[in-house]
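S.K.: Supplied in structure tokens, the structure appears directly below.
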């Protein structure tokens, strides 16, 4: 008997088609399919498409991979024959625990075949826990329960049976609100009682008369849970006086839910009534009520409530100010702008500043902020100046370049200096000496912006700087910015630097260059016009040769490096089909990365196999597919290999 369940599981899993597990998205012309907004000329000029490289870099940097999946729950699609084995279990096994386990597989199988024998099993069942599992299973398979039958189970003394039957009843077309509410009133178990109440809330077939009694309920929890439903009926317009009286009471939870419902969709109260009630609640002595009031005002968006929201933004409690800051995003006006800027002050909490800045970005989509920004560039508060620089950068404003340059000379904090430099680069300020003056800055963020400016403006005096940064700077953000700038410029002299970075590994304690640097170089090589044979050979070594011998076997380069190295080879071969060495090397590497052989010379994972498959399809101009992936561990082998030099 012990061996039946392992056998059952193997039968359920055997023979299931891969297409049953995965949902594929086929893309014709892979480098074009994801970027349909490109015109033919733009697309051809990219050769084979800069945007596609960005897409690849974006994909290989995501851990774990996430793709469209066939449903929110992993499902076993079993054959009818394998499900029929369950019937054998019901006829031969008497252990309720084993039977419940088999029900688990039936639920996951989603097979209608199970309905051939489950109803009979339910009638013969004597164990309450198993009976509850059977009702749950049959309900999930959409079995057509007779109303009288389910009501009989709802009267069971066993809590699990009652709960399963109530949930099954709520799914049937004949389910009625009055029955669930009557069960709610007579139920003794609190959990089942609340389940009845919540299931009744979810039913569409209800009327105001079903819920009207709860407006006078002294139980704040029931009132709070039902108030949104009550306000969704037209009759709610007659409750203004009663609701106003409630706001004068000390029933905090009830008031909280009421104010929350005023800003929710579906509330049938007139806008005027909502405004009056929110005007009343904004001065409540409890901060939680004022906080929810700010949130509801934002959801409602009534212009006449803006003065109240500005008042709440100056509340003495931080939580209220945070909600008011978020709500101001729905009121794009000059007053809102100045209030939000004041909330970025250094004396405010980090959460308040973050909420205020996010709202500034939101109102910038509906209101032109450029005329209001100028005076804040020289504001005495360093936090305000920092966020103003960031706002100028975000809006890509160039009219304040001169003011930002002047203020930059007075900034001492690295964040402010970097933000000002970034705003100037985005604003297309081509002051080369200014950027080069920060070459030796002790702040990594400033060196990063220097590297970025050299690439964007093609500053020839900065070539040696970014080549040195890419190899020797101790901060990864500076090295990566330098690599990207080198990629943007694409000078022939960078080939030796790329090769040098690829040859540096991180297994020695004295090395600070990491797999991230090698991955960025591989990405840059996807756009580089001077990929030599030495570089191609080095890329193959990153795919096929070990970095260091570990106790678990040879340790290869990271997934990101191996994948991006493969794509660098493939894109070079794609652009240069006349280069036979490059084409042969790319095809060879794709074939090696597709191999799933634990006894071979390479570790393998589904992530490696997935992107190698995509690269192979790209090489031969065939459609690509996106597939749900579960990150798997490496399969290490113990075959000794020569350490990479």
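Numbering (our numbering), first residue to last: 5 to 649. Backbone N, C-alpha and C define an ideal beta-carbon position, used for all residues, glycine too.
1) Under a three-way DSSP split, which group does residue 470 fall into?
2) At the 8 Å Cβ level, is residue 593 part of the contact set with chain B, yes or no?
3) Could you tell me if residue 147 is buried or exposed, where buried requires 16 or more neighbouring beta carbons within 10 angstroms of its beta carbon?
4) Indicate whether residue 469 and residue 443 have their beta-carbon atoms separated by less than 8 Å.
5) Can you name, in chain order, every residue of its own chain whose Cβ lies under 7 Å from the Cβ of residue 265, other than the five neighbours on each side?
6) What does the Cβ neighbour count give for residue 490, buried or exposed, with the cut at 16 atoms within 10 Å?
7) Can you name the residues that DSSP bridges to residue 552?
8) Using 8 Å for Cβ pairs, my map puts residue 181 next to residue 207. What's the rounded Cβ distance?
9) Buried or exposed for residue 376, please, with buried defined as at least 16 other CB atoms from any protein chain shown within 10 angstroms of its CB.
10) If you drop the 5 nearest sequence neighbours on each side, which residues of the same chain put their C-beta closer than 6 Å to that of residue 466?
11) How should residue 525 be labelled, buried or exposed, when 16 other C-beta atoms within 10 angstroms of its C-beta is the threshold for buried?
12) At which residues does the alpha helix (DSSP H) containing residue 299 begin and terminate?
13) Taking the alpha-carbon positions, what's the residue 622 to residue 356 distance?
14) Only counting the same chain, and skipping five residues up and downstream in sequence, which positions put a Cβ closer than 6 Å to that of residue 334?
15) Check whether the Cβ atoms of residue 229 and residue 205 sit closer than 8 Å, and answer yes or no.
16) Can you tell which of 535, 562, 539 has its C-alpha closest to the C-alpha of residue 520?
17) Considering residue 183, what are the terminal residues of the alpha helix (DSSP H) in which it resides?
18) Taking the alpha helix (DSSP H) that residue 406 belongs to, which residues open and close that run?
19) Compare the Cα-Cα distances from residue 523 to each of 313, 287, 507, 213 and report the closest residue.
20) Between the Cα of residue 255 and the Cα atoms of 344, 239, 278, 292, which residue gives the shortest distance?
21) Please report the distance separating the alpha-carbon of residue 119 from that of residue 184.
22) In the structure shown, what three-state DSSP assignment does residue 77 receive?
23) Cutting at 7 Å between CB atoms, please list the residues of its own chain near residue 616, excluding the five before and the five after it.
24) Give the list of continuous alpha helix (DSSP H) stretches no shorter than 4 residues that lie fully inside the region 409 to 462.
25) Can you tell which of 262, 191, 251 has its C-alpha closest to the C-alpha of residue 225?
26) When the Cα atoms are used, what is the spatial distance from residue 486 to residue 429?
27) So residue 424 and residue 393 are in contact, right, with Cβ under 8 Å, and what is the actual spacing, rounded?
28) Going by DSSP, what residue range makes up the alpha helix (DSSP H) through residue 200?
29) Are the region 156 to 175 and the region 132 to 143 touching, with three or more C-beta to C-beta distances below 8 Å?
30) What does the alpha-carbon distance come out to for the pair residue 320 and residue 353?
31) Per DSSP, what kind of secondary structure is residue 608 in: helix, strand or coil?
32) Between 192, 124, 610, 498, which has its C-alpha nearest residue 529's C-alpha?
33) Would you mind giving the Cβ-Cβ distance between residue 269 and residue 312, rounded to the nearest angstrom? I have them listed as a contact below 8 Å.
34) Quick check on residue 47: buried or exposed, where buried means 16 or more other Cβ atoms within 10 Å of its Cβ?
35) Taking only the alpha-carbon atoms, compute the straight-line gap between residue 322 and residue 194 and give it to the nearest angstrom.
M.R.: With the given structure in hand:
1) Here DSSP, grouped into helix, strand and coil, assigns residue 470 to helix.
2) Checking the listed chains, one finds no chain B in this structure; it contains a single protein chain.
3) Counting Cβ neighbours within 10 Å, residue 147 comes out buried, since at least 16 surround it.
4) Contact flag set, yes.
5) Cβ-Cβ distances below 7 Å link residue 265 to 231, 232, 235, 271 in the same chain, with the five nearest sequence neighbours on each side left out; the list follows chain order.
6) The residue in question, residue 490, is buried, as its Cβ has 16 or more Cβ neighbours within 10 Å.
7) DSSP lists 559 as the beta-bridge partner residues of residue 552.
8) With a Cβ gap of about 5 Å, residue 181 and residue 207 count as contacting.
9) By the neighbour-count criterion, in which 16 or more other beta carbons inside 10 Å mark a residue as buried, residue 376 falls on the exposed side.
10) Taken in chain order, the residues that qualify are 458.
11) Buried, since its Cβ has 16 or more Cβ neighbours within 10 Å.
12) Element bounds for residue 299: 291 to 304.
13) The alpha-carbon atoms of residue 622 and residue 356 are separated by roughly 48 Å.
14) Answer for residue 334: 302, 305, listed in chain order.
15) Yes, they are a contact pair.
16) Of the candidates 535, 562, 539, the one whose C-alpha sits nearest the C-alpha of residue 520 is 562.
17) Segment 181 to 190, the alpha helix (DSSP H) holding residue 183.
18) If you look at residue 406, you'll find it in the alpha helix (DSSP H) that goes 405 to 412.
19) Among 313, 287, 507, 213, the Cα nearest to that of residue 523 belongs to 507.
20) Among 344, 239, 278, 292, the Cα nearest to that of residue 255 belongs to 292.
21) Just so you know, the alpha carbons of residue 119 and residue 184 end up roughly 27 Å apart.
22) In this predicted model, residue 77 has a pLDDT of only 37, less than 50, meaning its place in the structure is not dependable enough to derive any value.
23) Answer for residue 616: 570, 594, 597, 598, listed in chain order.
24) If we require 4 residues or more, the alpha helix (DSSP H) runs fully inside the region 409 to 462 come out as 418 to 430, 436 to 440, 448 to 461.
25) Checking every option, the nearest Cα to that of residue 225 belongs to 262.
26) Per the coordinates, the alpha-carbon of residue 486 lies some 15 Å from the alpha-carbon of residue 429.
27) Contact holds; Cβ gap of about 5 Å.
28) Per DSSP, residue 200 belongs to the alpha helix (DSSP H) from 194 to 206.
29) The count of Cβ pairs closer than 8 Å, one atom from the region 156 to 175 and one from the region 132 to 143, reaches three, so the stretches are in contact.
30) Those two C-alpha atoms are separated by around 12 Å.
31) DSSP, reduced to helix, strand and coil, places residue 608 outside both helices and strands of the structure shown, so it counts as coil.
32) Distances from the alpha-carbon of residue 529 to those of 192, 124, 610, 498 put 498 closest.
33) Not quite, the Cβ-Cβ distance comes to about 21 Å (not below 8 Å), so this is no contact.
34) Low local confidence applies: a pLDDT of 46 at residue 47 is under 50, so the model's placement there is unreliable, and no value is given.
35) For residue 322 and residue 194, the distance between alpha carbons rounds to 36 Å.
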